[in-house]
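Colleague: Quick note, the first sequence lines up with residues 1 to 948 if you use the UniProt record's numbering. Built from N, CA and C at the ideal position, the CB exists for glycine as well. Note that this is a predicted model, so its numbers are computed, not measured.
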Amino acid sequence: MDKTYQPEQIESRWYERWEADNRFAPSGEGMPYAIMIPPPNVTGSLHMGHAFQDTIMDTLIRWRRMQGHNTLWQVGTDHAGIATQMLVERKIAAEEGKTRFDLGREAFIDRVWEWKQESGGHITRQLRRMGASVDWSRERFTMDDGFYRAVQEVFVRLFEEDLIYRGKRLVNWDPTLHTAISDLEVENRDQQGHFWHFRYPLADGVTTDAGKEYLVVATTRPETLLGDTGVAVNPEDPRYASLVGKFVELPLVGRRIPVVADEHADMEKGSGCVKITPAHDFNDYEVGRRQDLPLINVFTQDAAILARAEAFDIQGRPLPDIDPTLPEAYAGLDRFEARQRIVADMEAAGLLEQVETVSNTLPYGDRSGDVIEPLLTDQWFVAVESLARPAIEAVETGEIQFVPKNYENMYFAWMRDLQDWCISRQLWWGHRIPAWYDNDGNVYVARSEAEAREKHDLPAEVALTQDEDVLDTWFSSGLWTFGTLGWPEQTPELATFHPSSVLVTGFDIIFFWVARMIMLTGKFMGEVPFKQVYVHGLVRDGQGQKMSKSKGNVLDPIDLIDGIDLETLVQKRTGSLMQPQKAQAIEKATRSEFPEGIEPHGTDALRFTFLSQATTGRDIKFDMGRLEGYRNFCNKLWNASRYVLMNAEGEDTGLGSEPVELSLADRWIVSRLQQTESQVTKALEEFRFDHASQALYDFVWNEYCDWYLELSKPVLWDEAASAEAKRGTRRTLVRVLEAILRLAHPMMPFITEEIWQRVAPLAGTRQGEGDSLMVQPWPQADDSRLDESATRDIEWLKGVIVAVRNIRAEMNIAPGKPLEVLLTKGSAEDARRLAANRPFLAKLAKLERVEWLDDPAQAPLSATQLVGEMEVLVPMADLIDKEAELARLAKEIDKQDKLIGGIEKKLGNESFVAKAPAAVVEKERGKLADFEASRRLLVEQRDKIAAL
RNA sequence: AGGACCAUAGCUCAGUUGGUUAGAGCGCCACGUUGACAUCGUGGAGGUCGGCGGUUCAAAUCCGCCUGGUCCUACCA
Numbered sequence: 001m002d003k004t005y006q007p008e009q010i011e012s013r014w015y016e017r018w019e020a021d022n023r024f025a026p027s028g029e030g031m032p033y034a035i036m037i038p039p040p041n042v043t044g045s046l047h048m049g050h051a052f053q054d055t056i057m058d059t060l061i062r063w064r065r066m067q068g069h070n071t072l073w074q075v076g077t078d079h080a081g082i083a084t085q086m087l088v089e090r091k092i093a094a095e096e097g098k099t100r101f102d103l104g105r106e107a108f109i110d111r112v113w114e115w116k117q118e119s120g121g122h123i124t125r126q127l128r129r130m131g132a133s134v135d136w137s138r139e140r141f142t143m144d145d146g147f148y149r150a151v152q153e154v155f156v157r158l159f160e161e162d163l164i165y166r167g168k169r170l171v172n173w174d175p176t177l178h179t180a181i182s183d184l185e186v187e188n189r190d191q192q193g194h195f196w197h198f199r200y201p202l203a204d205g206v207t208t209d210a211g212k213e214y215l216v217v218a219t220t221r222p223e224t225l226l227g228d229t230g231v232a233v234n235p236e237d238p239r240y241a242s243l244v245g246k247f248v249e250l251p252l253v254g255r256r257i258p259v260v261a262d263e264h265a266d267m268e269k270g271s272g273c274v275k276i277t278p279a280h281d282f283n284d285y286e287v288g289r290r291q292d293l294p295l296i297n298v299f300t301q302d303a304a305i306l307a308r309a310e311a312f313d314i315q316g317r318p319l320p321d322i323d324p325t326l327p328e329a330y331a332g333l334d335r336f337e338a339r340q341r342i343v344a345d346m347e348a349a350g351l352l353e354q355v356e357t358v359s360n361t362l363p364y365g366d367r368s369g370d371v372i373e374p375l376l377t378d379q380w381f382v383a384v385e386s387l388a389r390p391a392i393e394a395v396e397t398g399e400i401q402f403v404p405k406n407y408e409n410m411y412f413a414w415m416r417d418l419q420d421w422c423i424s425r426q427l428w429w430g431h432r433i434p435a436w437y438d439n440d441g442n443v444y445v446a447r448s449e450a451e452a453r454e455k456h457d458l459p460a461e462v463a464l465t466q467d468e469d470v471l472d473t474w475f476s477s478g479l480w481t482f483g484t485l486g487w488p489e490q491t492p493e494l495a496t497f498h499p500s501s502v503l504v505t506g507f508d509i510i511f512f513w514v515a516r517m518i519m520l521t522g523k524f525m526g527e528v529p530f531k532q533v534y535v536h537g538l539v540r541d542g543q544g545q546k547m548s549k550s551k552g553n554v555l556d557p558i559d560l561i562d563g564i565d566l567e568t569l570v571q572k573r574t575g576s577l578m579q580p581q582k583a584q585a586i587e588k589a590t591r592s593e594f595p596e597g598i599e600p601h602g603t604d605a606l607r608f609t610f611l612s613q614a615t616t617g618r619d620i621k622f623d624m625g626r627l628e629g630y631r632n633f634c635n636k637l638w639n640a641s642r643y644v645l646m647n648a649e650g651e652d653t654g655l656g657s658e659p660v661e662l663s664l665a666d667r668w669i670v671s672r673l674q675q676t677e678s679q680v681t682k683a684l685e686e687f688r689f690d691h692a693s694q695a696l697y698d699f700v701w702n703e704y705c706d707w708y709l710e711l712s713k714p715v716l717w718d719e720a721a722s723a724e725a726k727r728g729t730r731r732t733l734v735r736v737l738e739a740i741l742r743l744a745h746p747m748m749p750f751i752t753e754e755i756w757q758r759v760a761p762l763a764g765t766r767q768g769e770g771d772s773l774m775v776q777p778w779p780q781a782d783d784s785r786l787d788e789s790a791t792r793d794i795e796w797l798k799g800v801i802v803a804v805r806n807i808r809a810e811m812n813i814a815p816g817k818p819l820e821v822l823l824t825k826g827s828a829e830d831a832r833r834l835a836a837n838r839p840f841l842a843k844l845a846k847l848e849r850v851e852w853l854d855d856p857a858q859a860p861l862s863a864t865q866l867v868g869e870m871e872v873l874v875p876m877a878d879l880i881d882k883e884a885e886l887a888r889l890a891k892e893i894d895k896q897d898k899l900i901g902g903i904e905k906k907l908g909n910e911s912f913v914a915k916a917p918a919a920v921v922e923k924e925r926g927k928l929a930d931f932e933a934s935r936r937l938l939v940e941q942r943d944k945i946a947a948l
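1. Tell me, please, whether the region 625-639 touches the region 683-691 by the rule of three or more beta-carbon pairs shorter than 8 Å.
2. Below 8 Å between beta carbons: does that hold for Q401 and Q532?
3. With DSSP as the reference, label K621 as helix, strand or coil.
4. S784 lies in the alpha helix (DSSP H); which residues open and close that run?
5. Can P7 and T752 be called in contact, C-beta distance under 8 Å?
6. Is it right to say G552 is buried, meaning 16 or more other beta carbons lie within 10 angstroms of its own, or is it exposed?
7. Are residue 949 and F608 closer than 8 Å when you measure CB to CB?
8. Using the C-alpha atoms, what's the distance from V734 back to A763?
9. Checking 8 Å against the spacing of the C-beta atoms, do E661 and E724 come in under that value?
10. What does the Cβ neighbour count give for Q291, buried or exposed, with the cut at 16 atoms within 10 Å?
11. Thinking just about the alpha-carbon of each residue, which of E710, E187, S693, V913 is nearest to the one in A614?
12. Kindly indicate which residue of L362, L873, R925, S827 has the alpha-carbon position closest to the one of E940.
13. Would you mind stating whether V470 and R432 have Cβ atoms separated by less than 8 Å?
14. Drop a sphere of 10 angstroms on the beta-carbon of P779, count the other beta-carbons inside from all chains shown, and report buried for 16 or more, exposed for fewer.
15. Below 8 Å on the Cβ atoms is my contact criterion, and I expect A307 with N297 to pass it. Report the Cβ-Cβ distance as a whole number of Å.
16. Taking the DSSP output, what are the residues bridged to V736?
17. Just to confirm before moving on: does the CB-CB distance between A842 and V850 stay below 8 Å?
18. Please confirm if the region 153-173 is in contact with the region 335-354, defined as three or more CB-CB distances below 8 Å between the two stretches.
19. How big is the Cα-Cα spacing for E373 and H280?
20. What residues in its chain sit with their C-beta under 6 Å from that of F699, if we drop five residues either side in the sequence?
21. Among the residues of its own chain, which have a CB less than 6 Å from the CB of L538, if the five just before and after it don't count?
22. Mind checking whether H456 and Y444 have CB atoms under 8 Å apart?
23. Can you tell me whether G254 is buried or exposed? The criterion is at least 16 other CB atoms within 10 Å of its CB, across all chains shown.
24. Which word fits H178, buried or exposed, when buried means at least 16 other C-beta atoms lie within 10 angstroms of its C-beta?
25. Roughly how many whole angstroms lie between the Cα atoms of P235 and D266?
26. Rounded to whole angstroms, what's the CA-CA distance from L326 to E223? Just pull it up for me.
27. Could you check where the alpha helix (DSSP H) with M36 kicks off and where it finishes?
28. How far does the beta strand (DSSP E) with S500 in it extend, from its first residue to its last?
29. Here's a check: name, in chain order, each residue in its chain whose Cβ is nearer than 8 Å to the Cβ of R935, leaving out the five neighbours to either side.
30. When burial is assigned at 16 or more other CB atoms within 10 Å of the CB, is W717 buried or exposed?
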C-alpha cells in the first residue's frame with residue numbers, strides 16, 4: 001500500500017469493477033428494500049444537494065444490501081419541462097438567433113432530444129463518481145415510451161372518472177414563458193410599491209350617507225381597473241348599507257358596475273370599499289363567483305392591454321352582452337406602462353384621492369423571474385379532493401412516516417387546503433395531453449387518436465387535432481414509484497419492490513412531489529408509494545447562505561472530490577453570470593476563501609462529511625474544515641491498515657488450529673467493537689447518520705488507532721511474548737479492522753473496499769479474487785463478547801498512562817525521556833493490574849521502571865496524579881519549580897473546593913436527600929468522596945513542596 | 001398576521017425519557033521526527049448552554065414571555 005491515501009486512484013477503479021460485476025442489481029433474495037431516486041433533471045448537473053441526498057440513499061442501500069435485503073435503488077432522470085425547454089431555447093437563440101417558433105414544434109422537440117443525448121450522461125456520470133450503487137440496468141427517463149404509457153393511462157382513467165376536467169380558470173400565468181405555472185413555482189418577493197386611492201363616481205345621482213358622490217377604492221394595480229366588474233362593501237358595514245345594489249360608473253371605461261355586499265371587503269381597511277376584478281385577482285375571482293359578477297379579461301398573453309376586452313361568466317362562457325370596448329389609448333400597452341397612464345388619467349380627471357407608498361409582496365415566476373399575472377385561460381385540472389383524503393389518512397395512520405415527524409404538520413396543513421391542480425402547461429417539451437378536438441370543439445380523451453376514433457365512433461372524415469399543451473412535469477413524476485417498475489403492466493418488480501421503503505428528499509418538494517406521489521399512487525396502486533419519508537435540509541455554504549450562481553458561492557461536489565486550482569475555480573464562478581457586475585466581488589471573495597484553490601479530498605471524505613452533518617431536519621452549513629478532517633480520517637484508516645498489514649501479512653493470523661491467546665487489550669477492543677456495531681446499526685435505523693459516522697470515527701481513531709494499535713506493539717515486538725499471544729493479537733488486529741471496514745463501507749465505500757481486499761484474506765472472510773466487500777454480511781454485535789472486566793482493566797491502564805503524560809506535560813519533562821514511576825495507596829486490584837500490564841505501561845508511558853510502593857510514607861518528593869484511589873508518583877527530587885508548582889496546586893485545590901462545595905450543598909439539602917432517587921444520592925456521595933480524595937492528595941503535595 | 005424550526009466553545013455541530021465536573025471535529029497555544037500516519041502524536045486554554053421568569057430536591061433538557069435568525073402559509077382590495 002502507498003504511504004499516503006490517494007483517493008482518485010482507487011475510486012474510479014472500484015466503481016467500474018462493481019458495475020462490471022453487476023453488484024448493484026437486486027440479489028433476488030431476502031426482504032425487498034427499495035429506494036426510488038428523486039429523478040434529477042436529465043440535462044442537469046450534480047450539485048451539493050444531489051451529492052448529499054445520493055450519499056444518504058447510497059448509505060442506506062449499501063447497508064441494507066449487506067444486511068441481506070433484496071435491494072433495489074431505482075435510478076432515472078426527469079425531463080423537467082420548463083427548465084429544459086428554456087435551456088434549449090436559449091441555446092438555439094444564442095447559436096442560431098432563432099426562436100422555437102422559427103423551428104416549429106417537431107423540429108424543436110427533435111432538438112431537445114438531441115440536447116438530451118448530448119448532455120444527458122453528465123449527471124449520471126457524476127452519480128457514478130459519488131459511488132451511487134444504483135441499478136443502471138433499470139434506468140428510466142420520464143419521457144421514455146414505457147413511462148409515457150403510464151402517464152397516458154393515468155390521465156385517461158382520471159378523466160373517465162371525472163377527476164380530470166378542462167375549464168377556463170384563473171391561473172398563474174407567466175407572461176414571459178407564456179404558460180400556466182403552479183402556485184408552487186411562484187416565488188413571493190417583498191417590494192416597495194404604491195397604493196393608489198381612486199374615486200369611483202356613483203351612478204344615477206346616488207350619494208353616500210356622508211353626502212359624497214363617489215366611493216373610494218384603493219389598489220396596487222390600477223391597470224386592472226379596466227376589468228372591474230363590481231365594488232364590494234362589507235355586508236355589516238353601516239356606512240354603505242344603503243348603496244348595496246346601486247351602481248358606480250367605472251372611470252375611464254364608463255361601464256356601470258354594481259355595489260355588492262361581500263365579506264371579502266374589510267371595514268377596517270381603507271374606505272371599506274374594494275374594487276372587484278374577477279379576471280385578474282384570485283380573491284376577486286372568488287367574490288365574482290359568490291356575487292355572480294362577470295369576468296372581464298383585459299390582458300393579452302403578454303400581459304399587455306387588449307384592444308377589446310373578453311367577458312365571460314364564472315363557467316367561462318362568453319358573455320356577448322357586455323360591451324368589450326376598452327379605451328383606445330391603452331391598447332397594446334404593457335401592464336406597467338398602462339398603470340402609469342391610467343394613474344395619470346385618473347389624476348387628470350380629478351379622481352385620484354391619494355397615493356401611499358407601501359411595502360407589499362409580488363409573485364414572481366421562479367423560472368422566468370417575471371411578475372406572474374393571474375389570467376383567465378383554458379386549462380386542464382385534477383380534482384384533488386377525493387385523492388387528498390386517503391393521502392392524508394395514509395400519514396395520519398402512520399402508514400407513511402415522515403422523519404423528522406414535524407414535517408407531517410407541514411404536509412397536513414397543505415393537504416387540508418388543497419386547490420385543484422392545474423396540470424396543463426403551454427410548453428412543447430413534455431408529455432402531450434392525450435386529448436383530441438374536432439372542428440366543433442368537442443374533446444375526446446383517449447390513449448391515442450385511433451382509440452379516440454374507435455371509442456367515439458368517429459369516421460376518418462372528422463378531422464381531429466391533439467391538444468397543444470403538455471402536462472406539468474410533476475404529473476409524471478407523481479407516478480415515479482410505480483411507473484418505473486413497469487406499471488400499467490403487472491411486472492414482478494412491481495410486485496416485489498412496491499411500495500418502496502423510503503423516500504429521501506428535501507422539504508422544498510414535499511408539496512410538488514411527495515404529496516402528489518402519495519395521491520396518485522394511492523389512486524392507482526391502492527397503496528402508499530413509500531413507507532417512510534426522510535426529509536433533509538438544504539445544503540448551504542459555510543456562512544449559511546444558499547448556494548447560487550448569482551452569489552458566486554457555489555461549490556461543485558466534484559471539485560471537492562478531485563480538487564480544483566484557484567484560477568479555474570474563479571473562472572467557473574464568474575463565467576456566464578447573469579449580472580456580470582458582480583464578477584469582481586465574487587472573484588475577490590473566492591480568492592480570499594480559497595487562496596490555494598481546493599485540494600482533492602476524495603469521494604469517501606465528502607460522503608463522510610455529508611453524513612456527519614446530516615442532522616435532523618435542519619439545513620446544513622457545509623464545513624470545509626470538516627471535509628479536511630474526514631479526509632484526514634480516511635488517511636488515518638489507511639495508515640492503520642498499513643500497520644496491520646505490515647504486521648500480519650505473511651504471518652500467522654490465527655486462522656489455523658494453533659492455540660491462540662487473547663490479551664486484555666484484545667478482549668477490550670473486541671468488546672468495544674460490539675458496542676460500536678450496535679451504535680452504528682441503531683443510528684442507521686434511526687436515520688441518524690451523524691451519530692453513525694461519529695460512533696465509527698470515535699472507535700477507529702480514539703480507540704482502535706490511539707490505544708489498541710499502540711497496545712499491540714508490545715505484544716508483537718516483544719521477543720518475550722508467546723506465540724499464542726502474538727497470534728491472538730494479530731488475529732484481533734485483522735478481525736477488528738475487517739469488521740471496521742464492513743461497518744464503514746456504506747458510508748465510505750471506496751477506501752474500505754480497497755483495504756478490505758488486502759485484509760479480508762488474513763481474516764479469512766474473503767471467498768476469492770472476485771469477492772467484494774459490498775456483499776459481505778453487516779457486522780452484528782455479539783453481546784457475549786462484551787467484556788466488562790477487560791474494559792475496566794484497560795481503562796485503568798489508560799488512566800495510569802494519561803496520568804504519567806500529564807505529569808510530563810506539567811513538569812515539562814520531555815515526552816521521550818524514560819521515567820521511573822511509583823504506584824501507591826492502591827488496592828490489591830490495582831496491584832494485580834500493574835502486574836498484568838507492566839509491559840504495556842512501560843511501552844506506552846515510556847517508563848524505565850514502575851514499582852509498587854507498599855508504604856506511602858516512604859514516597860520521595862514526587863509529582864502525583866490520582867487514578868481512582870491509587871496515586872501515580874513520578875519522583876522529582878530537585879526538578880520541581882517550587883513557585884510554579886505551588887501556584888498550580890493552589891489552582892487545582894481551588895477547583896476541587898468548588899466541586900466539593902457544590903456537592904455538599906446538594907447533599908445538605910434535605911429535600912434532595914428525601915426526594916431524589918437513592919441511586920442519584922449515592923452517586924453524589926461517591927463523587928464527593930472522589931473529590932475529597934483528590935483534594936487531600938493535592939494538599940499533601942502542596943505541604944510537601946511548601947516545606948522544601 | 002398565523003405557524004414551524006433554530007439559538008450550546010472563535011467556527012461547524014452532538015447532547016435519547018430532566019441527575020454529565022456540558023462533549024466532538026476544526027481553529028488556537030505549548031511540546032514532540034524511534035520503523036502505521038506531520039493528512040501525525042502528547043498536553044492545554046476556551047462555554048454563567050440567547051435573555052427573563054416559572055415548574056422541580058434537581059433544568060442545556062419541561063412550561064411561559066422576550067430578543068435574534070431561518071423558513072413556510074396567508075395578506076397586502
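Modeller: According to the structure shown:
1. no
2. Residue 401 sits at position 401 when you count from the first residue of the first sequence. Residue 532 sits at position 532 when you count from the first residue of the first sequence. Against a cut-off of 8 Å, the Cβ pair of Q532 and Q401 comes out as a contact.
3. On the first sequence, position 621 is the one that residue 621 refers to. If DSSP states are grouped into helix, strand and coil, K621 belongs with the strands.
4. Stepping through the first sequence from its first residue, residue 784 is reached at position 784. Going by DSSP, S784 is part of no alpha helix (DSSP H) at all; its letter is neither H nor E.
5. The residue you call residue 7 lines up with position 7 of the first sequence. The residue you call residue 752 lines up with position 752 of the first sequence. No, they are not a contact pair.
6. In the first sequence, counting from the first residue as 1, residue 552 sits at position 552. Buried, by the Cβ-count rule.
7. Since the displayed the chain opens at 1 and closes at 948, residue 949 lies outside it and no answer follows.
8. One-based indexing of the first sequence puts residue 763 at position 763. One-based indexing of the first sequence puts residue 734 at position 734. Between A763 and V734, the C-alpha separation is close to 6 Å.
9. Residue numbering aside, residue 661 sits at position 661 when the first sequence is read from its first letter. Residue numbering aside, residue 724 sits at position 724 when the first sequence is read from its first letter. Yes, the pair counts as a contact, with Cβ atoms nearer than the cut-off.
10. Residue numbering aside, residue 291 sits at position 291 when the first sequence is read from its first letter. Buried, because 16 or more other Cβ atoms sit within 10 Å of the Cβ of Q291.
11. Mapped onto the first sequence, residue 614 falls at position 614. A614 has its Cα closest to that of S693, out of E710, E187, S693, V913.
12. Here the question's residue 940 lines up with position 940 in the first sequence. That would be L873, whose Cα lies nearest to the Cα of E940.
13. For the purposes of this step, residue 470 is taken as the residue at position 470 of the first sequence. For the purposes of this step, residue 432 is taken as the residue at position 432 of the first sequence. For V470 and R432, yes; Cβs fall inside 8 Å.
14. Sequence index remark: in the first sequence, residue 779 carries index 779 (1-based). Counting Cβ neighbours within 10 Å, P779 comes out buried, since at least 16 surround it.
15. In the first sequence, the residue the question calls residue 307 occupies position 307. In the first sequence, the residue the question calls residue 297 occupies position 297. In fact, because the Cβ distance is near 12 Å, the residues do not count as touching under 8 Å.
16. Taking the first residue of the first sequence as position 1, residue 736 is located at position 736. BP columns for V736 are empty, so no partner.
17. Indexing the first sequence from 1 puts residue 842 at position 842. Indexing the first sequence from 1 puts residue 850 at position 850. Yes, the pair counts as a contact, with Cβ atoms nearer than the cut-off.
18. no
19. Counted from its first residue, the first sequence places residue 373 at position 373. Counted from its first residue, the first sequence places residue 280 at position 280. Using only the alpha carbons, I get a separation of about 7 Å.
20. For the purposes of this step, residue 699 is identified with residue 699 of the first sequence, where counting begins at 1. Around F699: T676.
21. Within the first sequence, the letter at position 538 stands for residue 538. If we look at L538 and ignore the five residues flanking it on each side, its Cβ neighbours are D619.
22. Position 456 of the first sequence, counted from the first residue, corresponds to residue 456. Position 444 of the first sequence, counted from the first residue, corresponds to residue 444. Going by C-beta atoms, H456 is nearer than 8 Å to Y444.
23. Here residue 254 refers to the residue found at position 254 when the first sequence is read from its first residue. Around the beta carbon of G254, fewer than 16 other beta carbons lie within 10 angstroms, which makes this residue exposed.
24. By 1-based counting over the first sequence, the position of residue 178 is 178. In the assembly as shown, H178 is an exposed residue. Its beta-carbon has fewer than 16 other beta-carbons within 10 Å.
25. The count along the first sequence starts at 1 and reaches residue 235 at position 235. The count along the first sequence starts at 1 and reaches residue 266 at position 266. So the alpha carbons of these two residues sit roughly 10 Å apart.
26. As a first step, residue 326 is located in the first sequence; it is residue number 326 there, counting from the start. As a first step, residue 223 is located in the first sequence; it is residue number 223 there, counting from the start. Spanning the two alpha carbons is a distance of roughly 12 Å.
27. The sequence position of residue 36 within the first sequence is 36, counting from 1. M36 -> not in any alpha helix (DSSP H); beta strand (DSSP E) instead, spanning 32-36.
28. The residue you call residue 500 lines up with position 500 of the first sequence. Start and end: 500-506.
29. Position 935 of the first sequence, counted from the first residue, corresponds to residue 935. Hits under 8 Å: I893, Q896, D897, I900.
30. Locating residue 717 in the first sequence gives position 717, counting from the first residue. Counting Cβ neighbours within 10 Å, W717 comes out exposed, since fewer than 16 surround it.
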